[in-house]
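So the sequences go chain by chain: A and B.
Following the numbering used here, the numbering of the first sequence begins with 1 at its first residue and continues without gaps.
Following the numbering used here, the numbering of the second sequence begins with 1 at its first residue and continues without gaps.
Encoded as structure tokens, the structure appears first; notes follow it.
2 protein chains.
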Amino acid sequence: MPNSLVIADTTNSPHARQRPVPVDAVRLSDSFWRPRIERNRTDTIPSQYQHCITTNRIRNFQRAAGKVDAPFEGIFFNDSDIYKWLEAASWALGTNPDDEELRTMVNDIIKEIGDAQQPDGYLNTYFMFEKAAERWTNVRDMHELYCAGHLFQAAVAHYRATGEESLLNIARRFADEIYRVFGPEGRLSACGHPEAEMALVELYRATGETNYLTLAQRMIDARGGNPKNITGGTWDDRRYLQDHVPFRELDEVTGHAVRMLYLSTGATDAVLERGEPALREALDKQYASFTKRRMYITGGAGSRYEGEAFGRDYELTNDRAYTETCAAIASVMWNYRLLLLTGEAKYADLMEWTLINAVLPGISLDQKEYFYQNPLENDGSHRRKEWFGCACCPPNVARTLAQLTGYFYTLSEEGIFVHLYANGEAHIDGAIITQQTEYPWQDTIRITVSGASAETKTLHLRIPAWAEGATLNGSPVTPGSYTPVPLTGGAAEIHLVLPMPVRRFVSHPYATVDYGLTALARGPIVYCLEQVDHSDSDIRNLRLATDTPLTAEYHADLLGGVTILTGQAISVAQLTDDLYAAPGSYDAPATSAALTAIPYYAWANREAGSMRIWIPTS
Amino acid sequence: MPNSLVIADTTNSPHARQRPVPVDAVRLSDSFWRPRIERNRTDTIPSQYQHCITTNRIRNFQRAAGKVDAPFEGIFFNDSDIYKWLEAASWALGTNPDDEELRTMVNDIIKEIGDAQQPDGYLNTYFMFEKAAERWTNVRDMHELYCAGHLFQAAVAHYRATGEESLLNIARRFADEIYRVFGPEGRLSACGHPEAEMALVELYRATGETNYLTLAQRMIDARGGNPKNITGGTWDDRRYLQDHVPFRELDEVTGHAVRMLYLSTGATDAVLERGEPALREALDKQYASFTKRRMYITGGAGSRYEGEAFGRDYELTNDRAYTETCAAIASVMWNYRLLLLTGEAKYADLMEWTLINAVLPGISLDQKEYFYQNPLENDGSHRRKEWFGCACCPPNVARTLAQLTGYFYTLSEEGIFVHLYANGEAHIDGAIITQQTEYPWQDTIRITVSGASAETKTLHLRIPAWAEGATLNGSPVTPGSYTPVPLTGGAAEIHLVLPMPVRRFVSHPYATVDYGLTALARGPIVYCLEQVDHSDSDIRNLRLATDTPLTAEYHADLLGGVTILTGQAISVAQLTDDLYAAPGSYDAPATSAALTAIPYYAWANREAGSMRIWIPTS
């Protein structure tokens with residue numbers, strides 16, 4: 001039996017500062033996350049299952065097993081959607097073992113997968129029959145190892161959720177075949193789309209098979225080899241694939257954003273196991289490149305449509321921001337692993353921020369429609385869709401929500417760490433931790449701990465960097481760090497206040513795209529303006545004065561329950577429709593106009609219209 | 001013999017307000033255009049000829065003629081580069097008939113083209129031998145009609161330049177074959193890459209063959225047909241190809257920028273011949289869409305790398321501006337034809353502005369290297385290249401410079417119109433017009449006219465819209481219009497002053513990307529900051545106060561002779577390298593720092609470094 005239902009099981013990782021707490025150790029009863037997690041299980045996962053059927057993603061497995069006579073349908077990496085769905089379903093099943101309908105779906109799909117597996121362990125429904133001879137002939141472009149990685153993650157999740165080894169054994173057989181082809185006795189190569197690295201480390205953690213760790217490390221080491229690069233092509237091609245320099249010399253986030261962040265996540269997993277300083281240093285530089293120069297205020301990653309890629313430093317276009325939902329999820333995964341590695345609060349800060357402001361916008365409030373791209377400014381034409389031909393994002397959101405409670409707490413020798421806040425209860429190492437709060441809408445969190453063991457001496461509470469003036473039981477605590485609370489007699493009563501004034505942001509001025517613009521946030525939530533809330537004015541004409549007071553008020557009946565910000569803006573009529581004119585030409589007459597800001601994650605759930613996060617400053 | 005060496009010969013076009021003046025009627029002796037036109041002939045055109053040889057673009061014709069046994073090399077539309085080069089060389093030869101070296105090159109290439117032509121008139125070196133069966137099977141993607149259009153333009157230019165019909169006959173034979181395939185008795189279709197439309201109208205003008213005009217009109221009419229579209233594909237595909245709605249209903253510039261603007265240019269040519277009001281109305285809407293909402297301050301067109309395309313309204317990213325050099329050239333061609341159609345000064349204004357600020361940046365000062373994209377902000381990594389696999393831009397610049405003197409004047413029943421200013425002499429309808437000026441660097445233009453016929457009663461001088469306070473012989477004249485000067489006794493002495501203070505621009509605030517930023521211009525020239533002129537400060541830290549005086553001074557030894565702008569800016573040190581922070585976090589300490597602005601067209605001709613047109617306002 002597996003240890004427990006954890007994400008990134010660093011329990012035995014020699015270089016981890018922290019280890020995960022099971023996804024099913026945390027039971028939420030809040031109004032923010034719980035309904036989303038529940039709807040994910042009852043609506044999102046079943047509806048995605050239907051999409052997988054109707055788009056013949058499942059039939060592809062039946063075809064590979066010789067059960068149906070039909071052509072392969074869809075894109076060559078469509079197996080990965082099935083695996084991601086299966087991972088999502090497994091986490092959901094782990095936390096809801098009584099959901100028999102879900103269990104049936106899961107078991108049915110595992111059966112199809114198993115039947116499609118080849119005698120040598122190979123498993124990819126695209127490379128069958130007439131395509132079988134092309135296996136592993138183009139690992140740069142054909143995503144075989146990427147698909148394998150998603151299988152491994154699904155298998156680990158399923159094993160931890162159910163204790164069953166059905167999918168795990170399929171994964172192992174395939175991983176063993178990959179080891180024969182790409183292990184020390186085989187070819188030195190890696191996938192053009194990283195993903196298998198982190199998956200193989202987890203498969204190692206779940207099975208104890210060191211070959212898988214070896215393989216993951218080998219795939220990281222293979223990149224940027226000189227003179228022969230694994231992926232071939234021009235320098236720009238290789239840069240796009242993070243293969244232009246050895247990974248240890250890669251000091252920026254570059255190329256395809258999801259691939260980049262998956263790769264860094266996998267390398268972080270490798271560091272958790274092996275502790276290599278050179279790898280760690282490269283990761284720190286990549287992280288600085290991302291967070292200091294190439295990240296949207298939402299936490300979103302990737303500014304270019306062309307290639308779904310990172311741009312140059314400070315290249316952060318808002319209307320054409322790509323910010324793929326998957327890239328945000330990759331950032332959450334990376335931040336979580338860096339948190340396990342270091343125990344530093346900044347990683348948990350960004351993990352929470354990205355979850356709310358860059359992952360959640362990717363799914364509609366009814367949780368059946370999705371954004372692939374998440375622009376920070378739009379004319380109303382960008383709307384969510386039920387599914388995509390390249391449907392990477394929908395099941396990625398589903399697996400993230402299904403495992404979300406696993407991100408709330410971690411454990412270390414220093415005690416229990418609390419990273420996320422929401423009304424609910426957790427059972428960790430015998431201790432019962434109860435949170436009473438309306439976070440993220442309200443600033444007060446009451447925490448009680450009881451029954452902690454003598455070894456668990458301390459509870460560490462994340463004080464977000466934004467929480468200036470935070471207090472714990474009336475005493476000031478330091479934002480951007482964990483505040484320790486001793487568990488005297490295994491218990492504590494905590495009254496934590498994380499003040500949530502409306503905060504204004506400006507961008508680093510090298511990001512000229514945002515110069516003169518202001519963004520709004522409150523607590524961990526980034527806000528935006530949507531035209532539908534402004535019947536009296538075109539939001540493109542609104543200007544925000546730096547000293548305008550803004551009021552926060554919770555509306556239970558709006559957008560699933562949100563705190564909105566309201567105030568008076570300046571509305572500027574346009575004197576001319578000329579595209580360029582002398583300064584002052586567009587400045588008058590100005591009137592006062594009501595401004596309403598809603599959480600960015602909730603945009604595009606009502607009537608279509610303009611939206612913008614960055615508001616011109618008057 | 002042809003009438004004369006004119007661009008867009010509207011001499012007999014029933015709906016033209018103006019008709020062109022021959023390219024060789026104008027002899028410049030100025031320091032701005034003349035060296036460029038001369039270097040174009042002596043350096044650019046010969047060096048491009050060499051590139052056409054070394055890249056086997058010419059060998060492709062020899063192969064098609066069965067002279068060499070070699071594979072087709074390059075991209076399937078590479079013939080068009082040869083044709084564009086030939087057009088450039090023809091204009092140059094027309095104005096320099098003694099250039100025997102050039103004549104030899106031209107004749108050699110014409111011989112190769114003629115030898116490659118098929119018995120039925122078909123001519124495309126890609127669709128030969130094993131590809132011959134694919135002729136006209138994919139007119140959407142394979143650019144056959146596009147290549148044909150460039151052949152027709154070259155043929156017309158060559159015929160007008162030399163009076164010889166060698167290339168014209170090749171063109172006619174091919175056009176006749178196209179008429180058989182796509183004329184009224186053939187298929188209703190059009191090229192995915194418009195170009196043939198304007199070329200066919202010109203071929204009609206040069207030959208009198210009305211079938212060519214019919215064919216051009218038919219290609220315009222074919223687009224956006226319902227229910228069957230000519231190009232097929234999704235609505236987005238068709239929109240990209242300007243085939244989603246009938247052209248008469250197309251009220252925006254959309255999709256691939258060069259294709260869009262070539263199509264509008266061709267439709268304007270059709271209106272010049274047939275005067276159809278519905279077509280004219282659509283063109284006006286497209287023009288407004290372009291100039292009011294989708295054009296860069298340089299005149300550049302196309303904000304998206306993905307698809308080399310126009311973006312949405314006010315989508316005008318600066319660092320990733322695509323602004324293909326060819327798209328700017330297309331805009332010049334379109335504006336010139338709208339000028340011929342209407343006689344309105346705004347078209348000549350934008351023609352000049354675009355030539356200087358969006359076409360000239362596409363070529364290095366030594367005129368041997370080219371930009372494909374012309375960003376308005378860059379970190380120094382964007383540098384010109386000698387050639388491209390897709391080498392559409394280099395010969396496009398060459399043909400534009402080779403015909404440039406043709407844009408200076410036009411004729412109408414109201415007299416002679418002067419659109420561009422430069423030291424030199426023109427012979428028009430017997431009149432001799434002399435311009436004495438250091439324009440575009442200085443504001444004074446002395447014009448003398450003598451020998452004008454009795455019918456040529458008036459000289460009309462363009463007063464650019466930017467020339468506030470302009471005077472003519474001491475009396476105020478109206479910017480944005482043509483000022484008539486009577487030619488008493490066939491002569492006039494004119495002292496025109498077009499004041500050139502440094503002008504500041506801001507963008508329409510819906511273009512949030514430019515909000516809070518200022519651009520500088522003087523006369524017809526847009527300026528930029530380049531790091532190389534700022535040894536004491538990082539130009540990204542410079543802020544321009546709205547009241548800072550800026551001084552203009554000519555430097556003969558700098559960048560081929562330019563007027564630069566200097567003044568004191570504010571240099572702001574960055575207090576934090578955080579990407580997002582509270583307002584004020586980046587504001588201090590500020591010091592005074594020298595600011596130097598150079599003409600944008602001259603950027604990237606020295607040491608690589610940051611460049612920006614839009615400067616943060618302090």
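Just so you know, even glycine gets a beta-carbon here, dropped at the ideal spot from N, CA and C.
Just so it is clear, the structure is predicted and the values come from calculations on it, not from any experiment.
If only complete runs of 4 or more residues are kept, the region 33-76 of chain A shows the alpha helix (DSSP H) at 33-39, 45-54, 57-64, in order along the chain.
Taking 8 Å as the cut-off, the Cβ atoms of residue 282(A) and residue 248(A) count as close. In the DSSP assignment, residue 376(B) falls outside any alpha helix (DSSP H), carrying neither H nor E. Per DSSP, residue 224(B) is not a residue of any alpha helix (DSSP H), being assigned neither H nor E. Under the three-state reduction of DSSP output, residue 436(A) falls in the strand class.
Of all residues in the region 420-435 of chain A, none is placed with a Cβ closer than 8 Å to any Cβ belonging to chain B. Taking residue 431(B) as the centre and dropping the five residues before and after it, the same chain places the C-beta of 416, 449, 450, 451, 452, 453, 456, 487, 490 closer than 8 Å to its C-beta, in chain order. For the region 285-296 of chain B, residues whose beta-carbon sits nearer than 8 Å to a beta-carbon of chain A comprise 291, 292, 293, 295. Nearest in C-alpha terms to residue 476(B), of all of 125(B), 460(B), 497(B), 493(B), is 497(B). Closest option to residue 32(A), judged by alpha-carbon separation, among 530(A), 184(A), 420(A), 613(A): 420(A). Put simply, the region 572-588 of chain B does not touch the region 477-484 of chain B. Fewer than three CB pairs are less than 8 Å apart. Cβ-Cβ separation between residue 270(A) and residue 201(A): approximately 6 Å, consistent with a contact (criterion under 8 Å). At a cut-off of 8 Å between beta carbons, residue 508(A) contacts chain B. Counting along the chain, residue 424(A) sits inside the beta strand (DSSP E) bounded by residues 424-428. Here the alpha carbons of residue 311(B) and residue 53(B) stand approximately 37 Å from one another. With the criterion set as a beta carbon lying under 9 Å from some beta carbon of chain B, the members of the region 310-329 of chain A are 311, 312, 313, 314, 315, 316, 317, 318, 319, 320, in sequence order. Shown here, residue 196(A) sits in a helix according to DSSP, grouped into three states.
Using a CB distance cut-off of 8 Å, residue 581(B) counts as an interface residue toward chain A.
Counting of Cβ neighbours within 10 angstroms places residue 541(B) among the buried residues, the total reaching 16 or more.
In terms of beta-carbon proximity, residue 376(A) stays away from the interface with chain B, with every pair separated by 8 Å or more.
In the three-state reduction of the DSSP assignment, residue 163(B) falls in the coil class, being assigned neither a helical nor a strand state. Contact annotation: residue 176(A) and residue 114(A) have beta-carbon atoms that are not nearer than 8 Å.
Assignment of residue 304(A) by DSSP, reduced to helix, strand and coil, places it in the strand class.
Taking C-beta atoms as the reference points, residue 526(B) and residue 297(B) count as a pair closer than 8 Å.
By the neighbour-count criterion, in which 16 or more other beta carbons inside 10 Å mark a residue as buried, residue 168(A) falls on the buried side.
For a cut-off of 8 Å, the C-beta gap from residue 609(B) to residue 530(B) is around 6 Å, short enough to register as a contact. With the criterion set as a beta carbon lying under 8 Å from some beta carbon of chain B, the region 158-191 of chain A has no members that meet it.
If you check each beta-carbon in the region 537-567 of chain A against every beta-carbon of chain B, the ones closer than 8 Å belong to 540, 541, 546. Counting only Cβ-Cβ distances below 7 Å, residue 94(A) has no contacts in chain B at all, with the closest Cβ about 37 Å away. By the C-beta criterion, the region 337-348 of chain B is judged to be in contact with the region 263-280 of chain B, since at least 3 inter-stretch pairs fall below 8 Å. With a cutoff of 8 Å on beta-carbon distance, residue 433(B) and residue 439(B) are scored as not near each other. Distance from residue 300(B) to residue 358(B) at the Cβ level is roughly 4 Å; contact confirmed, criterion being Cβ atoms closer than 8 Å.
The DSSP-derived three-state label of residue 10(B) is coil. With contacts defined as CB atoms closer than 8 Å, residue 232(B) and residue 246(B) fail to qualify as a contacting pair. Contact holds between the region 9-23 of chain B and the region 403-416 of chain B, because three or more Cβ pairs, one in each stretch, are under 8 Å apart. Taking the Cα of residue 397(A) as reference, the smallest distance to any Cα among 288(A), 618(A), 284(A), 89(A) is reached at 89(A).
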